[in-house]
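Asker:
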Amino acid sequence: MTRAVITGLGVIAPSGVGADQHWKSILAGELNVRRISAFDPTRYTTTIAGQVEGFDVNEQVDPRLVVQTDRWTWMSLAATQLALDDALYNPGDHSPYATSVALAAGSGGNEFGQREMTGLYTSGPQAVGAYQSIAWFYAASTGQSSIRHATKGPASVLVTEGAGGLDSVGHARRVIRRGTTAVIAGGTEAPLSPYALTCYGTSGWLTAAADPRAGYKPFDKQANGYAPGEGGAVLLVEDLRTAVERGTPQIYGEIAGYAATHDAFDANALAPDATHMARAMSLAIEDAGLTADDVDLIVADAAGVAEMDALEASALRMVFGDRISAVPVTAPQGFVGRLNAGGSALSVATALLAIRDGVAPAVGNLDEPDPSYGLDLVRVPRELDLNVVLINARGFGGFNSSMVLRRIDPANLQGMTEEGAS
Numbered sequence: 003m004t005r006a007v008i009t010g011l012g013v014i015a016p017s018g019v020g021a022d023q024h025w026k027s028i029l030a031g032e033l034n035v036r037r038i039s040a041f042d043p044t045r046y047t048t049t050i051a052g053q054v055e056g057f058d059v060n061e062q063v064d065p066r067l068v069v070q071t072d073r074w075t076w077m078s079l080a081a082t083q084l085a086l087d088d089a090l091y092n093p094g095d096h097s098p099y100a101t102s103v104a105l106a107a108g109s110g111g112n113e114f115g116q117r118e119m120t121g122l123y124t125s126g127p128q129a130v131g132a133y134q135s136i137a138w139f140y141a142a143s144t145g146q147s148s149i150r151h152a153t154k155g156p157a158s159v160l161v162t163e164g165a166g167g168l169d170s171v172g173h174a175r176r177v178i179r180r181g182t183t184a185v186i187a188g189g190t191e192a193p194l195s196p197y198a199l200t201c202y203g204t205s206g207w208l209t210a211a212a213d214p215r216a217g218y219k220p221f222d223k224q225a226n227g228y229a230p231g232e233g234g235a236v237l238l239v240e241d242l243r244t245a246v247e248r249g250t251p252q253i254y255g256e257i258a259g260y261a262a263t264h265d266a267f268d269a270n271a272l273a274p275d276a277t278h279m280a281r282a283m284s285l286a287i288e289d290a291g292l293t294a295d296d297v298d299l300i301v302a303d304a305a306g307v308a309e310m311d312a313l314e315a316s317a318l319r320m321v322f323g324d325r326i327s328a329v330p331v332t333a334p335q336g337f338v339g340r341l342n343a344g345g346s347a348l349s350v351a352t353a354l355l356a357i358r359d360g361v362a363p364a365v366g367n368l369d370e371p372d373p374s375y376g377l378d379l380v381r382v383p384r385e386l387d388l389n390v391v392l393i394n395a396r397g398f399g400g401f402n403s404s405m406v407l408r409r410i411d412p413a414n415l416q417g418m419t420e421e422g423a424s
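Heads up, the numbering used here is the position in the sequence shown plus 2, with the first residue counted as 1.
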């Protein structure tokens with residue numbers, strides 16, 4: 003069966019611009035959540051968030067395109083270019099049908115939309131620009147990336163809230179198996195506008211803490227809700243044989259298994275148990291042809307909401323049984339905030355960097371682990387021989403997704419180029 007691997011990483015996140023900056027920040031345990039600076043958040047329940055610094059859109063995106071698009075698309079375009087550069091892959095060097103774009107979105111173009119809505123109710127319809135119709139909607143980043151790189155492979159947008167980034171990478175594997183040799187996947191978000199923050203606040207799951215150290219504390223006794231954030235990651239997914247034959251500079255890992263389930267419960271409430279979340283994990287592990295005993299590290303969804311963390315811990319116990327106390331669990335997103343669809347894409351990038359360097363990063367902003375969960379939570383970066391990593395992601399409304407990433411031994415690729423050439 004065709005094997006899908008990840009050859010390029012592009013990160014635009016509160017932890018840094020570029021995969022190397024992100025990884026360095028995460029390993030250093032830097033908390034990149036702070037008071038919102040894009041507007042005065044005083045009137046809002048949540049006043050802290052993970053914000054991207056050092057991102058100059060004018061260095062990343064054509065000024066003509068900047069005025070037509072929203073911040074989340076700016077970051078997506080920049081992250082896509084970083085991933086392509088990392089993989090030394092230029093879509094223009096291949097058939098336009100050889101490259102696909104499948105990105106995730108959770109909330110669309112918030113800043114652009116708010117600006118246009120403000121113009122509408124203060125100055126009337128004539129104040130609304132034509133670009134509103136293409137800047138706010140969920141497929142904007144997918145469409146703009148496809149246009150920018152002249153790709154004609156299957157284009158998709160995955161809308162499953164926080165699980166979207168993981169789902170887009172899982173979908174990329176499906177596209178690869180159907181014959182497209184390269185897929186730009188992942189996602190970014192920019193939900194830090196008054197309108198977006200108001201919408202997210204209706205869930206009741208955002209932290210009200212003003213001190214970043216007191217907010218978004220996954221698996222902590224003091225967990226009180228999550229801090230939102232912007233940014234995410236875009237990855238280049240390729241057919242293994244094609245990647246090797248073209249001479250990719252690296253293969254970060256293989257998408258060995260993937261599965262998604264739905265709670266089939268009240269879309270505005272937590273499921274009564276962790277059955278469907280556990281099922282997603284089990285199916286992903288089974289899809290990889292592995293067992294729970296093969297998993298070396300778990301990158302948890304880690305909502306930072308006590309009830310949701312308890313459900314995830316319960317799901318992990320269902321899947322791993324007594325062994326769960328011996329399987330390292332991390333959630334570095336506590337350092338950057340919960341980035342919606344961009345967050346689960348960033349988790350994939352982080353997991354691949356962990357596999358590359360043999361280091362499990364710490365759980366972000368964890369001070370007092372709740373012992374009732376029974377988890378081996380990583381407190382400081384831990385050197386490990388990582389061959390198999392399980393990633394979890396959940397989306398508001400009942401979405402559960404899990405992915406198994408597997409390290410590829412370069413020695414096992416010897417002869418593949420010669421075999422393909424013959």
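Ideal Cβ positions, reconstructed from N, Cα and C, are used throughout, including at glycine.
For Pro330, tell me which candidate among Val68, Ile393, Leu237, Leu122 has the shortest Cα-Cα distance.
Answerer: The shortest C-alpha to C-alpha distance from Pro330 to any of Val68, Ile393, Leu237, Leu122 is the one to Ile393.
Asker: On a CA-only basis, which of Ala245, Ser374, Leu285 is nearest Ile8? Give me that one, please.
Answerer: That would be Ala245, whose Cα lies nearest to the Cα of Ile8.
Asker: Where does Ser424 fall in DSSP's three states?
Answerer: For Ser424, the predicted structure reports a pLDDT of 31, less than 50, and the residue's modelled location is therefore unreliable. A value from the coordinates is still provided. Coil, per DSSP.
Asker: I need the straight-line Cα distance from Glu163 to Val35, nearest angstrom please.
Answerer: C-alpha separation (whole angstroms): 21 Å.
Asker: For Val382 versus Ala364, is the C-beta distance shorter than 7 Å?
Answerer: yes
Asker: Can you tell which of Ala80, Ser135, Asp72 has its C-alpha closest to the C-alpha of Gly111?
Answerer: Asp72
Asker: Which residue or residues does DSSP assign as beta-bridge partners of Arg384?
Answerer: Ala362
Asker: Where does His278 fall in DSSP's three states?
Answerer: helix
Asker: Quick one: any contact between the region 145-156 and the region 178-190, if contact means 3 or more CB pairs under 8 Å?
Answerer: yes
Asker: From the DSSP output, in three-state form, read off Asp222 for me.
Answerer: strand
Asker: Pairing CB atoms from the region 202-222 with CB atoms from the region 365-375, are three or more of them under 8 Å?
Answerer: yes
Asker: Helix, strand or coil for Tyr254, going by three-state DSSP, please let me know.
Answerer: coil
Asker: Please return the same chain residues whose Cβ sits closer than 8 Å to the Cβ of Gly291, not counting the five positions on each side in sequence.
Answerer: Ala258, Gly259
Asker: Out of Gly255, Glu247, Tyr228, which one is the CA nearest neighbour of Leu238?
Answerer: Distances from the CA of Leu238 to each of Gly255, Glu247, Tyr228 were compared; the closest alpha carbon is that of Gly255.
Asker: So, helix, strand or coil for Asp289, using DSSP?
Answerer: helix
Asker: Look at Ala328 and Asn402 and say whether their C-beta atoms are less than 7 Å apart.
Answerer: no
Asker: Could you compute how far the alpha carbon of Tyr375 sits from the alpha carbon of Thr120?
Answerer: 46 Å
Asker: Classify Gln128: buried if its beta carbon has 16 or more other beta carbons within 10 angstroms, exposed otherwise.
Answerer: exposed
Asker: Do three or more CB pairs link the region 78-86 to the region 14-22 at distances below 8 Å?
Answerer: yes
Asker: What alpha helix (DSSP H) runs, 4 residues minimum, are completely inside the region 27-111?
Answerer: 59-62, 65-68, 73-89
Asker: Please state whether the Cβ-Cβ distance between Asp241 and Ile178 is less than 7 Å.
Answerer: yes
Asker: Pull up the DSSP beta-bridge partners for Glu240, would you.
Answerer: Val7, Ala184
Asker: With distances taken from CA atoms, which of Lys26, Gly131, Glu309, Glu191 is nearest Ala271?
Answerer: Glu309
Asker: Consult DSSP for Pro412 and reduce its assignment to one of helix, strand or coil.
Answerer: helix
Asker: Measuring straight from C-alpha to C-alpha, what distance separates Arg325 and Thr332?
Answerer: 16 Å
Asker: Contact between the region 35-46 and the region 81-101: three or more CB pairs below 8 Å?
Answerer: no
Asker: Please tell me whether Ala317 and Ala286 are closer than 7 Å, where the distance is taken between their beta carbons.
Answerer: Ala317 places its beta carbon 7 Å or farther from that of Ala286.
Asker: Note down, in chain order, each residue of its chain lying with its Cβ closer than 7 Å to the Cβ of Ile307, except the 5 sequence neighbours on either side.
Answerer: According to the sequence displayed, residue 307 carries Val and not Ile. Result list for Val307: Trp207, Ala225, Gly227, Tyr228, in chain order.
Asker: Going along the chain, which residues of its own chain have a beta-carbon closer than 7 Å to the beta-carbon of Ala152, five neighbours each way excluded?
Answerer: Counting only Cβ-Cβ distances below 7 Å, and skipping sequence neighbours, we find Pro93, Gly94, Pro98.
Asker: According to the neighbour-count rule (16 or more other Cβ atoms, all chains shown, within 10 Å of its Cβ), is Ser135 buried or exposed?
Answerer: exposed
Asker: May I have the straight-line CA-CA distance separating Arg5 from Arg243, to the nearest angstrom?
Answerer: 8 Å
Asker: With a threshold of 16 other CB atoms inside 10 Å of the CB of Glu55, please say whether the residue is buried or exposed.
Answerer: exposed
Asker: By DSSP, does Pro214 sit in helix, in strand, or in coil?
Answerer: helix
Asker: So, does the CB of Val350 fall closer than 7 Å to a CB anywhere in chain B?
Answerer: Note that chain B does not occur in the displayed structure, where there is just one protein chain.
Asker: Out of Ser346, Ala395, Val350, which one is the CA nearest neighbour of Leu313?
Answerer: Ala395
Asker: If you draw a straight line from the C-alpha of Gly397 to the C-alpha of Ala165, how long is it?
Answerer: 5 Å
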